[in-house]
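According to this note's numbering, the sequence shown is numbered sequentially starting from 1075.
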Amino acid sequence: MKRARRGLECIWRKSQDVSDQAWAKAAIKAYSVALRAARKAFTTARIASAANRPSELFRVVGELLRPPETQGLPDDLATRCSDFAHHFAGKVAQIRRELDSSLTVVPAEVTEVPVCPILWDSFRLVLPDDVEGILGSVRATTCALDPCPSWLVKLAKEGLLDWFVAIINASLGQGTVPSCFKQAVVKPLFKKTSLDPSVCNNYRPISNLPFLGKVLERVVATQLQEFLDDTDFLDRSQSGFRPGHSTETALVALVDDLRRELDRGSVTLLVLLDISAAFDTIDHGILLGRLSGMGLGGTVLLWLQSFLEGCSQMVKLGDTCSDPWPLTCGVPQGSILSPMLFNIYMKPLGEVIRSFGGRCHLYADDTQIHYSFPSNSKEAPRMLNQCLAAVADWMRRNKLRINPDKTEALLV
């Protein structure tokens, strides 16, 4: 049912036909009903199977009643908030220190900005109809820093539109992002119920940004996506967070490549790279250089620089918050623009891989490298090792660290 629902959604998004929309909505509703019924049946079966085992029944009921992110949290939430804040900030700082110590001199090819004429130097100002459409498309997720719930903002949008348009156009025209839009509230999310809930490393930081800041980001993201489409800038193998691309297109392309090589009688070595805290360690100077090198200038580049600089985060558990800490690197997780900026940052990686005769498929920070060769080839393993060494060197120079524990290699 999920596959059928997604298929009908794709058909509707491509055709924008009213009848296709009706079929898609019907499939979505049917899937939701079936999913709720399946979950109810699964939970009922779990409880029934544990009816004569009190300890197991207690564990099942505990999982249902306690949200995963709060399991095992102590009564002293202020201390726990501080522990999470030090952990999340310290993890990124440790990675950056290790990267900086392994590369004492940053090569010129990393810091040097390519000579490119300015292709886009000012934003297109928005109209009330534009903002109204964006308000309807942005999810109504309320941040703890919002003065009122986002659903209320949406409900009262007619009386607030002129104010929103004035704020957004002032930001776009001046090339600055209000500081209140650059504060994030982090909620630790427990990764797996089988892990120790008392260990901070077993939680994933989920950031939430102010609602109006997301509306502003959506305006910029829409215009940035138009520029990327017009210039065809992104790597052709990048499927993450792009219109017309998805995890499905990345998987289909990879499987197609592997099957073609099998038909030719070749052997393929597939390497699945994992990057530690990829979004959090991006170097702002390098990213701004890439943005300038692709033709951005004027207030567009100033706005993006303002978006990156002066950001801060704080951990929130219940009604308790930690002290905020500044972000000197990385792109804000949970923001609309961050995945697009990350794709721009990763653009040269595909060129590095292809220079060694390898091929790759990327979905944001997930990178698959595959190298095909005859089964009796003695030269291919050496070329692949050279390619991987060059990739590791590129990662290090660009302040990204490969996680060897989660990186895997497969022979197909």
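Note that beta-carbon positions come from the ideal geometry of N, C-alpha and C, so glycine has one too.
- Secondary structure note for Pro1284: it is in no alpha helix (DSSP H), with a DSSP letter that is neither H nor E.
- Of Glu1137, Ser1196, Leu1290, Arg1278, the smallest CA-CA separation from Glu1206 is found for Leu1290.
- Exclusion of the five residues before and after Arg1316 leaves Leu1308 as the residues of its chain whose Cβ lies within less than 7 Å of its Cβ.
- Remark: C-beta atoms of Cys1395 and Cys1222 do not approach each other more closely than 8 Å.
- Annotation for Pro1400: Ser1386 place their beta carbon closer than 6 Å to its own, counting only its chain and skipping 5 residues before and after.
- A residue is called buried when at least 16 other Cβ atoms come within 10 angstroms of its Cβ; Trp1377 meets this threshold and is buried.
- Separation of the CB atoms of Ile1280 and Asn1477 is rounded to 20 Å, and the pair is thereby denied contact status at 8 Å.
- Glu1083 and Phe1301 have their C-alpha atoms roughly 26 Å apart.
- Just measuring C-alpha positions, the residue of Ala1098, Cys1434, Phe1197 sitting nearest Ile1443 is Cys1434.
- Taking the CA atoms as reference points, Lys1473 sits about 21 Å from Arg1428.
- When DSSP states are grouped into helix, strand and coil, Phe1315 belongs to the coil group.
- Under the 10 Å beta carbon count, Gln1407 is surrounded by 16 or more other beta carbons and is classified as buried.
- Within the same chain, and ignoring the five residues on either side of Thr1321 in sequence, the residues whose Cβ sits closer than 8 Å to its Cβ are Ser1313, Tyr1437.
- Residue pairing by DSSP places Arg1292 in no beta bridge whatsoever.
- Put simply, the stretch 1238-1252 touches the stretch 1368-1375. At least three CB pairs are less than 8 Å apart.
- In the structure shown, Asp1479 adopts coil according to DSSP, grouped into three states.
- Between the stretch 1327-1340 and the stretch 1259-1266, the count of C-beta pairs closer than 8 Å stays below three; the two stretches do not touch.
- With a beta-carbon spacing of about 6 Å, Leu1298 and Met1414 fall inside the 8 Å limit used to define contacts.
- In the three-state reduction of the DSSP assignment, Arg1213 falls in the coil class.
- Note that the stretch 1341-1359 touches the stretch 1163-1178; at least 3 beta-carbon pairs, one per stretch, sit closer than 8 Å.
- Apart from sequence neighbours up to five positions away, the residues of its chain that approach Arg1198 with a beta-carbon distance below 7 Å are Gln1297, ordered along the chain.
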